[in-house]
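So for the sequence shown, our numbering puts the first residue at 44; every next one is plus one.
Virtual Cβ for every residue (Gly too), placed ideally from N, Cα, C.
Note that the structure is predicted; figures quoted are calculated from it, not measured.
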Amino acid sequence: MKLQLQNVSKIYPSGNQAVCDMNLTVNEGELVVLVGPSGCGKTTTLRMIAGLETITSGELRFDGRRQNEASPRQRGVAMVFQTPALIPYLSVYENMAYGLRRQGLSLAQMDERVRQVAQQLELQDLLERRPSTLSGGQQQRVALGRAMTRKARLMLMDEPLSSLDAALRDQMRHRILDIHHQTPTTTLMVTHDQAEAMAMADRLVVMKEGRIQQVGTPAQVYAHPANLFTAGFIGSPAMNLLQGDIEGGWLNIGAQRFPLPDAPGWRRARKVVAGVRCEQIRLDTKNPRDAQARIQIRSWELLGWQQLVYGTLEGQPLRLLVPFSQPVSPGERLVSWNPDAIHLFDPLDGSALDPE
Numbered sequence: 044m045k046l047q048l049q050n051v052s053k054i055y056p057s058g059n060q061a062v063c064d065m066n067l068t069v070n071e072g073e074l075v076v077l078v079g080p081s082g083c084g085k086t087t088t089l090r091m092i093a094g095l096e097t098i099t100s101g102e103l104r105f106d107g108r109r110q111n112e113a114s115p116r117q118r119g120v121a122m123v124f125q126t127p128a129l130i131p132y133l134s135v136y137e138n139m140a141y142g143l144r145r146q147g148l149s150l151a152q153m154d155e156r157v158r159q160v161a162q163q164l165e166l167q168d169l170l171e172r173r174p175s176t177l178s179g180g181q182q183q184r185v186a187l188g189r190a191m192t193r194k195a196r197l198m199l200m201d202e203p204l205s206s207l208d209a210a211l212r213d214q215m216r217h218r219i220l221d222i223h224h225q226t227p228t229t230t231l232m233v234t235h236d237q238a239e240a241m242a243m244a245d246r247l248v249v250m251k252e253g254r255i256q257q258v259g260t261p262a263q264v265y266a267h268p269a270n271l272f273t274a275g276f277i278g279s280p281a282m283n284l285l286q287g288d289i290e291g292g293w294l295n296i297g298a299q300r301f302p303l304p305d306a307p308g309w310r311r312a313r314k315v316v317a318g319v320r321c322e323q324i325r326l327d328t329k330n331p332r333d334a335q336a337r338i339q340i341r342s343w344e345l346l347g348w349q350q351l352v353y354g355t356l357e358g359q360p361l362r363l364l365v366p367f368s369q370p371v372s373p374g375e376r377l378v379s380w381n382p383d384a385i386h387l388f389d390p391l392d393g394s395a396l397d398p399e
């Protein structure tokens with residue numbers, strides 16, 4: 044199924060605008076992830092698509108057909124919620140078969156479908172158990188299985204992994220991706236976890252305050268953030284953002300000066316916010332082609348095979364990632380980065396400055 048939102052908005056009676064003029068297309072078999080902070084309109088968007096919220100203005104289309112007035116049942120979408128919401132007095136088997144009873148399937152057809160999905164999710168040994176006897180990860184797999192048995196052409200997932208611990212989240216994420224690759228279903232997922240979004244999405248939709256900030260593949264959004272919000276939100280650790288100004292092909296941050304790539308759009312003198320990712324900064328290197336900076340190191344954290352180093356550059360916070368084996372100590376140190384690693388943003392509207 045091809046999903047289209049055309050100028051879709053949601054305004055509540057209180058006047059609060061949860062979603063503003065959203066335009067988005069999700070292609071057949073694509074897994075698209077809506078990502079952004081709490082309250083940015085992600086779940087409201089999902090609920091409008093499912094028919095659980097009315098659309099204030101704009102059009103929702105499935106394969107080109109308008110769906111605004113269709114009931115949730117008529118839309119025929121499957122939805123996985125943040126909590127499993129299983130029926131406690133029914134077995135795993137009965138929970139997974141629950142949504143099939145209205146489809147007119149025979150008992151044999153229902154049984155075949157439930158057992159097939161249970162096999163995919165490794166639930167075949169749990170079919171007779173009640174939800175209260177299952178772990179959190181098992182319950183969420185049952186909720187996913189209940190949605191999958193319907194064989195809907197559109198799958199909606201509202202933060203399905205947020206209630207799980209880190210290890211279970213990793214397991215469920217890989218399981219969902221494996222199933223999606225085996226039987227691609229048009230899927231729209233919501234999460235506030237940008238690392239989860241980066242790992243799962245064919246395309247990301249970054250949202251803030253009800254508006255789309257950027258749409259693209261995870262690699263595109265990470266490498267070429269469209270604005271300051273996306274630059275600061277996507278990436279863990281977040282991109283360093285430093286106040287400065289440019290003049291004649293140089294970036295000035297306080298008393299320190301750094302070369303910029305030979306880009307016509309970056310030669311006009313102006314105030315900017317300069318961004319550089321933590322992993323692109325190197326400690327104690329002296330490559331003459333790199334930009335060199337002197338920073339004050341304050342502290343550091345061991346992250347396994349890396350250390351996250353906290354320092355300041357001309358009084359502004361700066362972080363960098365270094366190998367765990369590299370000695371780190373407080374005080375002034377030399378760091379460097381390739382000039383091509385720099386991103387420049389307009390401090391007034393936050394938009395990325397075009398180097399051309």
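Quiz item: Taking only runs of the beta strand (DSSP E) that begin and end inside the stretch 273-342, which ones reach a length of at least 3 residues, in chain order?
Solution: 283-290, 293-296, 299-302 and 313-319
Quiz item: Which residues in the same chain have their Cβ closer than 6 angstroms to the Cβ of Pro-398, if we skip the five residues on either side of it in sequence?
Solution: Ala-306, Gly-308 and Trp-309
Self-check item: Neighbourhood of Pro-268 by C-beta, 6 angstroms cutoff - its chain only, sequence neighbours within 5 removed
Solution: Ala-274
Exercise. Give the straight-line distance between the Cα atoms of Val-233 and Gln-256, rounded to the nearest whole angstrom.
Key: 15 angstroms
Quiz item: My guess is that Leu-48 and Leu-67 are in contact by the Cβ rule of under 8 angstroms, so how many angstroms apart are they, rounded?
Solution: 5 angstroms
Quiz item: Roughly how far, in whole angstroms, is the beta-carbon of Met-139 from the beta-carbon of Arg-189, given that I think they are within contact range, below 8 angstroms?
Solution: 5 angstroms
Quiz item: Between Ile-54 and Arg-109, what straight-line distance do the alpha-carbon atoms span, to the nearest angstrom?
Solution: 20 angstroms
Practice problem: Would you check whether the ligand FAD has a heavy atom nearer than 7 angstroms to the C-beta of Gln-49? | Solution: Among the ligands in the structure shown, none appear at all, so the ligand FAD cannot be discussed.
Quiz item: Is it true that the CB of Pro-127 sits closer than 8 angstroms to the CB of Ser-175?
Solution: no
Self-check item: Where the alpha helix (DSSP H) through Leu-187 begins and ends
Solution: 179-191
Exercise. Would you kindly work out how many angstroms separate the C-alpha atoms of Thr-229 and Pro-360, rounded to a whole number?
Key: 42 angstroms
Quiz item: Just how far apart, CA to CA, sit Gln-125 and Val-62?
Solution: 20 angstroms
Quiz item: To the nearest angstrom, how far is it from the Cα of Val-157 to the Cα of Gln-163?
Solution: 10 angstroms
Quiz prompt | Strand pairing of Gln-257, partner residues [DSSP] | solution = Val-249
Quiz item: Touch check for the stretch 87-96 and the stretch 237-247: three-plus C-beta pairs under 8 angstroms?
Solution: no
Quiz item: For Val-69, which beta-bridge partners are listed by DSSP?
Solution: Leu-46
Quiz item: Do Asn-270 and Phe-367 come within 8 angstroms of each other at the CB atom, strictly closer than that value?
Solution: no
Quiz item: If you draw a straight line from the C-alpha of Met-282 to the C-alpha of Ser-379, how long is it?
Solution: 15 angstroms
Exercise. Determine the burial state of Thr-260: buried for a count of at least 16 other Cβ atoms within 10 Å of its Cβ, exposed for fewer.
Key: exposed
Quiz item: Any idea which residues DSSP pairs Ser-52 with across the strands?
Solution: Ser-100
Quiz item: When the Cα atoms are used, what is the spatial distance from Leu-170 to Val-135?
Solution: 5 angstroms
Exercise. Using 10 angstroms around the beta-carbon of Glu-102, count the other beta-carbons present and answer buried if the total reaches 16, otherwise exposed.
Key: exposed
Quiz item: Going along the chain, which residues of its own chain have a beta-carbon closer than 6 angstroms to the beta-carbon of Leu-285, five neighbours each way excluded?
Solution: Ile-296, Ala-317 and Gln-359
Exercise. Answer with buried or exposed for Lys-329, where buried requires no fewer than 16 other C-beta atoms within 10 angstroms of its C-beta.
Key: exposed
Exercise. Give the range of the beta strand (DSSP E) segment to which Ala-195 is assigned.
Key: Where Ala-195 is concerned, there is no enclosing beta strand (DSSP E), given that its DSSP letter is neither H nor E.
Practice problem: Please list, in chain order, all residues of the same chain as Leu-148 whose beta carbon is under 8 angstroms from its beta carbon, the five residues on each side excluded. | Solution: Arg-156
Practice problem: Could you say which of Gln-299, Arg-311 and Pro-280 lies nearest to Ile-289 if we only look at CA atoms? | Solution: Arg-311
Quiz item: Could you give the residue range of the alpha helix (DSSP H) that holds Gln-214?
Solution: 209-225
Quiz item: Any idea which residues DSSP pairs Trp-380 with across the strands?
Solution: Ala-334
Quiz item: Straight-line CA distance for Val-123 to Val-319?
Solution: 37 angstroms
Practice problem: Keeping to the same chain, check which residues put their C-beta closer than 7 angstroms to that of Cys-83; ignore five residues upstream and five downstream. | Solution: Met-250, Lys-251, Glu-252 and Gly-253
Exercise. Per DSSP, which residues does His-386 bridge with? Please list them.
Key: Gly-318
Quiz item: Where does Arg-172 fall in DSSP's three states?
Solution: coil
Practice problem: Could you tell me how far apart the beta carbons of Leu-220 and Met-241 are, in whole angstroms, since I believe they sit closer than 8 angstroms? | Solution: In fact, because the Cβ distance is near 12 angstroms, the residues do not count as touching under 8 angstroms.
Self-check item: Own chain, CB closer than 8 angstroms to Ser-372, minus 5 neighbours either side, in chain order
Solution: Ile-340
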